[in-house]
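Presented below is the structure to which this report refers.
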Amino acid sequence: MAGIPEDDIRRVREASDLVSIAGERVVLRQRGRDFWGCCPFHNEKSPSFKIDPSTQLWHCFGCGEGGDVFSFVMKLDDIGFVDAVRELARRAGIQITEAPGAAMNRGKKARLKEVCNASAEFFHTQLMRGRGPKVDEARSYLAGRDLGGEVPKKWQLGFAPGSGSLVAYLNSKGFKAKEMIEANVAVEGRGGGARDRFYERIMFPIRDVDGDVIAFGGRVVGKGEPKYLNSQETPIFHKSEVLFGLDKAKAAMASTGVAIICEGYTDVIMMHEAGVTNVVATLGTALTVQHIRVLSRHAKHKIVYLFDGDEAGQRAADRAARFIDESMLPEAGRKQVDLCAVTLPDNLDPADFVVQRGGEAIQELIDNAVPLLRYAIDRKLRGRNLVDFGEKGRALTEVLELLAPIKHSVLAQEYAGYIADCLQLDVNAVVEKLAATRETRQFEPSQASAGAAAPAPRTPKVALPPREKERLRIERDFLSLCASEPSIGLAYAGALAQTVWHRDIHGQIATQLLDVLAEDAAAPAAEIVRRLEESIPGAASVISGSSTHDDREPGELARFFSEELTIRDMEDLIREMNAQLKRPQDMSADDYNLVFESVVAMQKELAAAKLAHKPFGIE
Numbered sequence: 000m001a002g003i004p005e006d007d008i009r010r011v012r013e014a015s016d017l018v019s020i021a022g023e024r025v026v027l028r029q030r031g032r033d034f035w036g037c038c039p040f041h042n043e044k045s046p047s048f049k050i051d052p053s054t055q056l057w058h059c060f061g062c063g064e065g066g067d068v069f070s071f072v073m074k075l076d077d078i079g080f081v082d083a084v085r086e087l088a089r090r091a092g093i094q095i096t097e098a099p100g101a102a103m104n105r106g107k108k109a110r111l112k113e114v115c116n117a118s119a120e121f122f123h124t125q126l127m128r129g130r131g132p133k134v135d136e137a138r139s140y141l142a143g144r145d146l147g148g149e150v151p152k153k154w155q156l157g158f159a160p161g162s163g164s165l166v167a168y169l170n171s172k173g174f175k176a177k178e179m180i181e182a183n184v185a186v187e188g189r190g191g192g193a194r195d196r197f198y199e200r201i202m203f204p205i206r207d208v209d210g211d212v213i214a215f216g217g218r219v220v221g222k223g224e225p226k227y228l229n230s231q232e233t234p235i236f237h238k239s240e241v242l243f244g245l246d247k248a249k250a251a252m253a254s255t256g257v258a259i260i261c262e263g264y265t266d267v268i269m270m271h272e273a274g275v276t277n278v279v280a281t282l283g284t285a286l287t288v289q290h291i292r293v294l295s296r297h298a299k300h301k302i303v304y305l306f307d308g309d310e311a312g313q314r315a316a317d318r319a320a321r322f323i324d325e326s327m328l329p330e331a332g333r334k335q336v337d338l339c340a341v342t343l344p345d346n347l348d349p350a351d352f353v354v355q356r357g358g359e360a361i362q363e364l365i366d367n368a369v370p371l372l373r374y375a376i377d378r379k380l381r382g383r384n385l386v387d388f389g390e391k392g393r394a395l396t397e398v399l400e401l402l403a404p405i406k407h408s409v410l411a412q413e414y415a416g417y418i419a420d421c422l423q424l425d426v427n428a429v430v431e432k433l434a435a436t437r438e439t440r441q442f443e444p445s446q447a448s449a450g451a452a453a454p455a456p457r458t459p460k461v462a463l464p465p466r467e468k469e470r471l472r473i474e475r476d477f478l479s480l481c482a483s484e485p486s487i488g489l490a491y492a493g494a495l496a497q498t499v500w501h502r503d504i505h506g507q508i509a510t511q512l513l514d515v516l517a518e519d520a521a522a523p524a525a526e527i528v529r530r531l532e533e534s535i536p537g538a539a540s541v542i543s544g545s546s547t548h549d550d551r552e553p554g555e556l557a558r559f560f561s562e563e564l565t566i567r568d569m570e571d572l573i574r575e576m577n578a579q580l581k582r583p584q585d586m587s588a589d590d591y592n593l594v595f596e597s598v599v600a601m602q603k604e605l606a607a608a609k610l611a612h613k614p615f616g617i618e
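Following numbering that gives the first Met the number 0, the numbering of the sequence shown begins with 0 at its first residue and continues without gaps.
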């Protein structure tokens, strides 16, 4: 996996005690068999972060995050899987042998950067010295946008003539067609080989934080579609992690403590030219968690998002508000950073604004930026007839959808009061409605994290009935018990196979757990969980999120869970058959009698099962 042999990964995992590693960053206290502390990934006062030493899994009941020792180090230090393995191997004194492909991969990335840097030099030379009507038009366009003079040199702007000229140039520099295609400056030709990807476009080189060119954005000269053509994802370019202009803006971010985000290349360039140099842009994507984390390393106090004054700004604000928690604690050990927003007046974009009104005017707006969540709430409420009770109710629902994902309890409470004031409602009523909104979202699939852009707004779902919530909790706790106590998993293999699981992932875990136990019944719990997660992404999170019942003997718990699920399955089946009996027209007389007899027999079986069942209160 990832260039490191599986045996080495296993040795590192076995040598890395999660309790010891997490205990260096989190104050842990043992309660029963588990260890508890305050989660390092969000602000909280009451411990909701749990580690199960038998499975070597962690889970936070506050923010919902969870996983194994590798995921803990990855999230804590904001590093990838391979780096987490290396770090834990170093701590444990284990020498790992990376496959030759790993070193080759690092060399490959360096080579792709060389391709991109050489391409940027070629494009820039074409813009500055090239001849022809299209390059003349490109220079005229830039001059008309106040991007002439020294600006192209400072930003290494370029022009792509196309017609195979770039491929020919790169060939002369010793680059292979395969390398050009992988760097996405060329595409595969019809007859093999490579042909230029960019044709008659003004080129904006996109650089990593160290200044190496890793991708391009190309604006068409004249008419044509698409207007902007950007590099696709490559081994060195991931849109969700890269910000245009960061290499030039990071010093100003560090000195001012402020980072400014806008949405276009020319916006960034024009603001820099106007003296506002702590500005970057996203690359055709919504703001992501990775963007927030990257910026918080350079700007310690505030991140300001500049929005155009249109509907797109509202949608962008709604998406960005989802990352409030990331800004409250972007990385463990880092200081809080405020996420704020500004709407530019008269529907101007930043480039037009600084041309018309200057850098000082936009800096004044930035200095007076409002907190992003308040900004998003205000825009939701603006222009609505809040005297009308129906409209007020709809407005409350919409703003609470913004507030519901916020896990920072003090902030959420503060804004519940703000919403109550705006809508002239009792704050307790708003808090209750917020709790109900969160309940609705609780069993929705969590967002992918990390590299994906923020999702589109979802249609609110109906809250799960209490009985169904309890059912899912029992399923999860039963699976967790069978995985963490393999002997119990074997003893209750029949129940695992026969239960009608109410979540697909629960059924998948049960099936895979039976396979794992059949292969190696003596495997330790941590190894079983590892194999489950390997086959079913998300399995470790389900298992680590189980309730704690330290005062109960495992066998007693397993009996209770198995019997409870069996009884509930029987009740569900009886309800289904009774529903069929209410529609006699849908079946023959013989089928009706058969269903009726089955219901009578099953009701007797259910009564006997309930009589033998010895429930106890489980909190």
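All C-beta atoms in this analysis are idealised placements derived from N, C-alpha and C, irrespective of residue type, glycine included.
Which same chain residues, not among the five before or five after residue i, have their C-beta less than 7 Å away from its C-beta?
i    : result
S70  : none
Q362 : V275
P553 : L480, E484 and I487
G129 : F158 and P160
Relative to the C-alpha of residue i, which residue among the options is closest?
i    : options                   : result
F388 : Q423, P404, R381 and E363 : Q423
A350 : Q231, H237 and A280       : A280
F595 : H612, F80 and M576        : M576
V353 : L156, M601 and R144       : R144
S543 : G190, D67 and L169        : D67
F122 : S171, Y198, G106 and G188 : Y198
Y491 : T342, L165 and T565       : T565
L642 : C261, E397 and D195       : Here the chain comprises residues numbered 0 to 618, so residue 642 is not present and cannot be evaluated.
A657 : V369, A525, P132 and L480 : Outside the shown range of the chain, which is 0 to 618, sits residue 657, and nothing can be said about it.
R393 : A403, L402 and L380       : L380
D135 : G221, R196 and N170       : G221
A185 : A88, V150 and N229        : N229
A705 : P204, D366 and P465       : Limits of the chain in this structure are 0 at one end and 618 at the other, which puts residue 705 out of reach.
G173 : G79, A117 and F48         : A117
L572 : E552, Q602 and R558       : Q602
I405 : T436, D519 and N427       : T436
G620 : E178, G223, F60 and L305  : Outside the displayed span of the chain (0 to 618) sits residue 620, for which this structure offers no information.
A368 : K301, Y414, L385 and D345 : K301
Looking only at its chain, what residues have a beta carbon closer than 8 Å to the beta carbon of residue i, apart from the 5 residues adjacent to it on each side?
i    : result
I504 : I535, G537, A538 and V541
G358 : M270, A273, G274 and V275
T233 : L111, E181, A182, N183, I213 and A214
P444 : Only weak support exists for where P444 lies, its pLDDT of 38 falling under 50; the value from the coordinates is given anyway. Here the set comprises nothing.
A521 : P485
A608 : E562, T565, I566 and M569
G217 : A159, F197, R200, I201, M202, F203, Y227, L228 and N229
H290 : S239, E240, L242, I260 and T281
S597 : M576
Tell me whether the beta-carbon of residue i lies closer than 8 Å to the beta-carbon of residue j.
i    : j    : result
S587 : F477 : no
V336 : K299 : yes
S15  : A91  : yes
A253 : M202 : no
H297 : K249 : yes
V293 : V278 : no
R12  : R529 : yes
L141 : P151 : yes
L364 : L402 : no
D195 : S162 : yes
C37  : C62  : no
F663 : V25  : Since the first and last residues shown for the chain are 0 and 618, residue 663 lies out of range.
Across which residues does DSSP place residue i in a beta bridge pair?
i    : result
F34  : Q29 and I50
A340 : Y304 and V369
A258 : I302
A280 : F243 and C261
L56  : D51
G66  : W57
Can you name, in chain order, every residue of its own chain whose Cβ lies under 6 Å from the Cβ of residue i, other than the five neighbours on each side?
i    : result
R457 : Reliability of the predicted coordinates at R457 is poor, the pLDDT of 40 falling under 50, and the value obtained from them is presented with this limitation in mind. Closer than 6 Å at the Cβ level, and outside the excluded window around R457, lies no residue.
V499 : D568
G332 : At G332 the pLDDT is 37, less than 50, meaning the model places this residue with poor confidence and gives no usable figure here.
G210 : D246
G34  : Per the sequence presented here, residue 34 reads as Phe, with Gly not at that position. Here the set comprises V18, L27 and I50.
Y591 : P583
S483 : S53, T54 and A524
Problem - Secondary structure, alpha helix (DSSP H): runs of 4+ residues fully inside the segment 93-160 - result: Listed in chain order, the complete alpha helix (DSSP H) runs (minimum 4 residues) inside the segment 93-160 are 99-128, 132-143 and 150-154.
Handout entry: In chain order, each alpha helix (DSSP H) run of at least 4 residues that lies wholly inside the segment 373-412
Key = 388-402
Handout entry: Those runs of the alpha helix (DSSP H) which lie wholly inside the segment 541-585 and span at least 4 residues
Key = With a minimum length of 4 residues, the continuous alpha helix (DSSP H) runs that stay inside the segment 541-585 are 553-580.
Exercise for the section: Pick out the complete alpha helix (DSSP H) segments inside the segment 172-250, 4 residues or longer, and give them in chain order. Expected result: 176-181
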